[in-house]
Amino acid sequence: MTGPSSTTSTATLRLGTRASQLARTQSQAVADALTAASGVPVELVHISTEGDRSAAAITQLGGTGVFVTAIRQALLEGTVDVAVHSYKDLPTAPEPGLVIAAVPPREDPRDALVARDRLTLGELPAGARVGTGAPRRMAQLRALGLGLEVVPIRGNVDTRMARVVPGDLDAVVLARAGLARLGRLGAITEVLDPLQVLPAPAQGALAVECRADDERTLQLLAALDDPGTRAAVLAERTTLAALEAGCSAPVAAHAELAEGDDGLELYLRASVTAIDGSDGVRGSLTGAVGDAERLGRELAADLLDRGAAALMAASR
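For the sequence shown, the residue numbers in the working numbering are -4 to 311.
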């Protein structure tokens, strides 16, 4: 990889990815976009992570980072040059020696229902069994007061959907973005309104990471970066970090770009919900795109003032 400058510009980049179908699909899309933009060939390198090897709940495995640690280690060791992560899986603290070089345009971040008989959430009968692996979704579904039995599940997208028909569940809730990337949009029976179920911070976004001192790769990846997506995700993840919560906490945040009086603005919403759905706090702020971090910190402070810390502590 470090040959003469005449060959460096076209040397193959090694892209580290989890081996799941969704991870490979996401990584291949980034690889194709990178090759299209630069002409540089990209080779996918499959890496097994702790989250892939265990069937235990994410909270039992330690929460944040279980899908990324092995990939980041390979990146730091030079086994791979680039890593593609589902951004919501990344810890909020920066990783020394690594940098998020690109945040490509985001998929629709909303959650989606896949239910038997094409039912919507409101049409499911009381007592219906709804599966999800995310404490955030569990808490918000319970808070709707629909009398649903929310069941914790693990597994890839197809494994989860297979539990609906003819399986043991009436429905599952998944990220719409993953279904879109896998060509499974036809299975969706309802895309959930964020007023009902607010998405996870950075849901639908990808993080393309490389070594901080790898100038060549940094320059190549810059072409894939979408400033609007990066700003929205920064606001959401700053909220998460300021709440001192990880990806296994019942925290939701979603930022949208909208045209304001003085140009583009960020509209940021966030919530913390008791895991049993009995209580919750929500809030929102609007500000300049360049103030994404400030918006995230201020909204988190507002939620903490209204009891968010106690709600998160009760869910642990």
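Glycine residues also receive a C-beta, built at the ideal position from the N, C-alpha and C atoms.
>> For a test of the three-state rule: what should DSSP assign to V160, helix, strand or coil?
In response: coil
>> Restricting to runs no shorter than 3 residues, where is the beta strand (DSSP E) found entirely within the segment 147 to 220?
In response: 166 to 170, 201 to 206
>> Using a Cβ-Cβ distance cut-off of 7 Å, determine whether G150 contacts chain D.
In response: The chain labelled as chain D is not found in the depicted structure, where only one protein chain is given.
> In this structure, what does DSSP give as the bridge partners for T127?
Replying inline: P147
>> Using 8 Å as the cut-off, can you tell me whether the segment 169 to 177 makes contact with the segment 94 to 108, which would need three or more C-beta pairs spanning the two stretches below that distance?
In response: yes
>> What would DSSP say about V63, mapped onto helix, strand or coil?
In response: coil
> Would the beta-carbon of V37 fall within 7 Å of that of L17?
Replying inline: no
> In the structure shown, what three-state DSSP assignment does A51 receive?
Replying inline: Low per-residue confidence applies at A51: pLDDT is 45, beneath 50, and the placement is therefore not dependable, though the value from the model is reported in the following sentence. Of the three classes helix, strand and coil, the one that applies to A51 here is coil, per DSSP.
> If E204 and I42 are in contact, beta carbons under 8 Å, what's the gap, nearest whole angstrom?
Replying inline: The pair is not a contact, with the Cβ atoms about 13 Å apart (cut-off 8 Å).
> Per DSSP, what kind of secondary structure is D106 in: helix, strand or coil?
Replying inline: strand
>> Among the candidates T64, P130, V77, whose CA atom is the shortest distance from the CA of Q214?
In response: V77
> From this set, A166, G282, D286, which residue's C-alpha is nearest A121's C-alpha?
Replying inline: A166
> Looking at the unbroken beta strand (DSSP E) that takes in L8, where does it start and where does it end?
Replying inline: 8 to 12
> For R289, which residues from the same chain have a beta carbon less than 8 Å from its beta carbon, with the 5 sequence-adjacent residues on both sides left out?
Replying inline: G282
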